[in-house]
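Just so we're aligned: 697 in UniProt numbering is position 697 of the first sequence, and the numbers increase by one with no gaps anywhere. Virtual Cβ for every residue (Gly too), placed ideally from N, Cα, C. On a predicted model such as this, the values are computed, not experimentally measured, just so you know.
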Amino acid sequence: MAFGKGCHLHLIDGSAFIFRAYHALPPLTRKSDGLPIGAVSGFCNMLQRYIDGNANGSDAPTHVAVIFDKGSHTFRNDLYDQYKANRDEMPEDLRPQIPLTRRATEAFNIACKEIEGFEADDIMATLACRARDAGGRVTILSSDKDLMQLVGDGVEMLDPMKNRRIDREGVMEKFGVGPERVVDVQALAGDSVDNIPGAPGIGIKTAALLINEFGSLEDLLERADEIKQPKRRQTLIENRAQIELSKALVQLDRDMELDFTLDDLEARDPEPDTLLAFLAEMEFRTLSKRIADALHVEPPVIMDTDPGGTEVEGPADLPFAPETYECIRDMGALQGWIDRIAERGYVAFDTETTGLNEMQADLVGISLSVDPGHACYIPLTHRAGGADDLFGSDELAEGQLPLDDVLAALKPVLEDDSILKIGQNMKYDAKILARHGVTIAPIDDTMLMSYAMNAGLHGHGMDTLSERYLGHTPIPIKELIGSGKSQVTFDRVAIDDATKYAAEDADITLRLWQRFRPQLHQTQVTTVYETLERPLVPVLAGMEMAGIRVDREVLSRMSNAFAQKMAQLEDEIHGLAGEKFNVGSPAQVGEILFEKMGLEGGKKGKTGKYSTPADVLEDLATEHDLPARILDWRQVSKLKSTYTDALQDHIDPDTGRVHTSYVQTGASTGRLASTDPNLQNIPVRTEEGRRIREAFVAEPGKVLLSLDYSQIELRILAHVAGIDALKAAFREGQDIHAMTASEMFDVPMDEMTPDIRRQAKAINFGVIYGISGFGLARNLRIPRAEAQGFIDRYFERFPGIRAYMDDTVNFAKEHGFVQTLFGRKIHTPEINAKGPGAGFAKRAAINAPIQGTAADVIRRAMVRMPGAIAGLPAKMLLQVHDELLFEVEEGAADKVTRAAREIMEGAAEPAIKLDVPLIVDAGQGANWAEAH
DNA sequence: CTAATCACG
DNA sequence: GACGTACGTGATTAGC
């Protein structure tokens, strides 16, 4: 039937349906594989309800279409780059459901239309106008006010949720003008949701008033000088361009070119087979049954499969059979694997190398797996002569494919956007491959999946995961390369043995991935994994490969000076003690101090030895010289051995720089850990120690740039605990410790003394750590009762803090974990234990959301940073929990500071809008001491 | 291999 | 009422 008089077109706003469905339902997943499916389920239910309610009624439509947005960039973005710029990113678990909603629409046999680069609103506008011109009626199923400009002359809107019709009167009620003037009002009022600027200070009410007075926006702008109110007049004159731009943005395109006609949208009944097959595929049991009943057919049988579970027989329970792993020795076999990988779209991948230092280690072989129990190893640079061969040989072993040929063949796979590369600790493999010119992407990482789901419960190394989740102990690497002095590198391992070991790793990784993938959704950490873990891998790899330049001469000079000073102190100490002993032995120091000299305060540890930590020695140092000298010696010794000596050994001979490794899964709270060397604990608190930072230098012509969050944890505490006084202080840029002191001790701000402030500062930090009277007393060296008094007063003054602590501990007791603002879970398995462990767990539970949220914030900044500084001559080098260090060409330092600061200060958004500002302090200089 | 100590946030 | 406590890390050394 050709569309014309008497016809009735229904236009369904598909995107609105999807978002309603998504937000209305809990995050359901498909049971068989964990695919997120909640929005699709809700969408189908809404379509079904629509059909039940409308399609067969007395006012049934003759034509129906569901219209979707397509592409994120439309002509409106060309007009205005900030259009919809403040929209949250699409939730990660919604993204894969979008194509499924198209398929759902088609399964219901309803026309499904979208046009690249256009919003659904424009398509609906064009269709509505054409239908009206053809003499038909139109109902738009949406509550979007942007569509209200289309109402009138046979076009109505219907809010499908409230089942409320919106006609001319409805539009008048909402906008104060008729549909034909809606865009004029919108242009003036603007729209924060779509980021339409409009005229500042003018809302819908005022806009309608003005339009009604002047007749149209054009007349209003033309005769703006006639507006009586001076402020309003000025606003309209000054913002004319912006208002005109706004109108262009809200005006829907009613005359789009379409590749279909109204006639193509004729209403059709669903094909039962097609529809039920789709519903069965989605595993919608209830909906399948309801629709099957309505269509008077048998509901489909939906298998109750659960391959991720342990009870069900499935791939995960296949035995491991190392002898069946394939060793790839010719290009034909390799091509067979590549074909299978391309067909599947994913592959578990692992590299074997000659060492743990990715900057130095050489690639020895590669293993792959696409099916559980089935894996291969591609030996590349194994040496002739086995591990037992004392002489070894630098000759390559026979029967290996040339490294370059294999990499050339695998490079397209490893860089293919549509092939997922799955690894365990992929940062390592990514760095090895980067040295061969391969940028591996996209990736999944079983180590990070485990971390996102189970931080705080157990480690995330392959051996732990395999034993825990696959019930299988992998072949220990020691069986191949030995340990200690007789350890050899992997290229000395016989290829047959290497195949069993290496291919097993790929097999295990694939099995872990198959198990973890659905669990990620089930445990609701998909967003954490997708936004805070996975995208950080290439960022950290880049920082580690960049390294930081360290001046060996500076360190060497300091080492010599320290050695002299240590010898001098040692003489003094031995003289004071009256005998020679090892100053570096706490046990011997304890003997001398507490037995020979008979000093008070000697406490023995669980090994029966005296303990001589710095705070005990500090107390003794007020009375005696010996403990004071021992403290001096310890400080110098620490600086020398850990820093000026050890750091020199970490300077890479090829780059002249120090390349740390970040452990992404090291800290349960979400913080990073830095190893080999640890560059997150370079001294700064003492003048002497801080000089070590002078050895961390920029290349000639460049500067080091340090940006650090100011008081980020206290700010987060103020936000999560909802402490208005703290929030206000941060908003006003006050000295937070002084403010706390003023509140607690009733001291006016202008009479604040450094000592009172110091005590308040200790309390503020104590709060973050899960304060106790004992701990505060020890820290401030005051009687315990007095410390407890401080804490009582603090809680009295800020009752929200105690409530936060109680709530957090109760949450942990109930759920076994706590969460950061961004959804990271930190498990607290000891929280319900009794005994001293409970106290630890309790304080850890209080601290974890605060420390963890701060960690999430800087992670978000780091993930966005490469994009923000792209094109600038700058590199991000280091992260020290609340600080990022960059190396920048001198002339660009200020520009990079601005760009990086903007990213860091806005890092919580759009996911979280904090009630307090995040403030970033910046510094620059030729070395780290100057920059910090 | 573990405990003690101390560097950082 | 007593107990034992600040939160999160990594590197080095001594001493078994």
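Tell me the rounded alpha-carbon separation between residue i and residue j.
i, j, result
"His10", "Ala60", "9 Å"
"Leu209", "Ala85", "29 Å"
"His8", "Thr139", "8 Å"
"Thr665", "Asp159", "47 Å"
"Gly766", "Gly867", "37 Å"
"Met161", "Phe17", "10 Å"
"Val438", "Ile338", "16 Å"
"Glu530", "Val663", "18 Å"
"Ala922", "Ile481", "47 Å"
"Ala375", "Ser466", "16 Å"
"Asn847", "Ile768", "6 Å"
"Phe730", "Leu141", "46 Å"
"Asp856", "Ile826", "12 Å"
"His719", "Asp915", "6 Å"
"Ala408", "Asp551", "38 Å"
"Ile912", "Arg824", "13 Å"
From the DSSP output, in three-state form, read off residue i for me.
i, result
"Cys376", "strand"
"Lys5", "coil"
"Gly423", "strand"
"Lys478", "helix"
"Ala199", "coil"
"Asp273", "helix"
"Met876", "strand"
"Ala85", "coil"
"Leu776", "helix"
"residue 971", "Since the first residue shown for the chain is 1 and the last is 932, residue 971 is missing from the structure and cannot be characterised."
"Asp645", "helix"
"Asp491", "helix"
"Leu356", "coil"
"Pro36", "strand"
"Ala292", "helix"
"His10", "strand"
"Ala498", "helix"
"Lys604", "strand"
"Pro307", "Because Pro307 carries a pLDDT of 44, less than 50, the predicted location of this residue cannot be relied on, and the following value inherits that uncertainty. Pro307: coil per DSSP, three-state reduction."
"Val636", "helix"
Taking the alpha carbon of residue i as the point to measure from, which residue in the options has its own alpha carbon closest?
i, options, result
"Ile723", "Ser367, Asn239, Tyr804 and Ile378", "Tyr804"
"Val636", "Gly689, Asn678 and Ala587", "Gly689"
"Met597", "Asp263, Gly605 and Gly578", "Gly578"
"Val193", "Gly608, Leu249, Glu618 and Ile123", "Leu249"
"Ala738", "Lys727, Ala728 and Thr753", "Thr753"
"Asp571", "Ile630, Thr820, Glu600 and Glu544", "Ile630"
"Leu593", "Asn832, Thr607, Gly608 and Val616", "Val616"
"Phe75", "Glu119, Phe43, Asn681 and Leu94", "Glu119"
"Ala131", "Gly6, Ile204 and Ile858", "Gly6"
"Leu780", "Arg534, Ile756, Phe798 and Arg802", "Ile756"
For my contact list, residue i and residue j are in at a C-beta cut-off of 8 Å; report their separation, rounded to the angstrom.
i, j, result
"Thr351", "Asp429", "5 Å"
"Lys895", "Leu872", "6 Å"
"Ile291", "Gln48", "6 Å"
"Thr527", "Glu266", "Rounded, the Cβ-Cβ distance is 41 Å, inconsistent with contact."
"Gly152", "Arg137", "About 12 Å; that fails the 8 Å criterion."
Using a threshold of 9 Å, state whether the C-beta atoms of residue i and residue j are closer than that.
i, j, result
"Thr353", "Leu363", "yes"
"Pro36", "His521", "yes"
"Gly773", "Ala785", "yes"
"Phe886", "Ala900", "yes"
"His815", "Ala854", "no"
"Gln82", "Val40", "no"
"Gly461", "Met449", "no"
"Asp654", "Gln360", "yes"
"Met876", "Ala541", "no"
"Gly852", "Thr828", "no"
"Leu396", "Leu414", "no"
"Arg233", "Ala128", "no"
"Ile692", "Leu726", "no"
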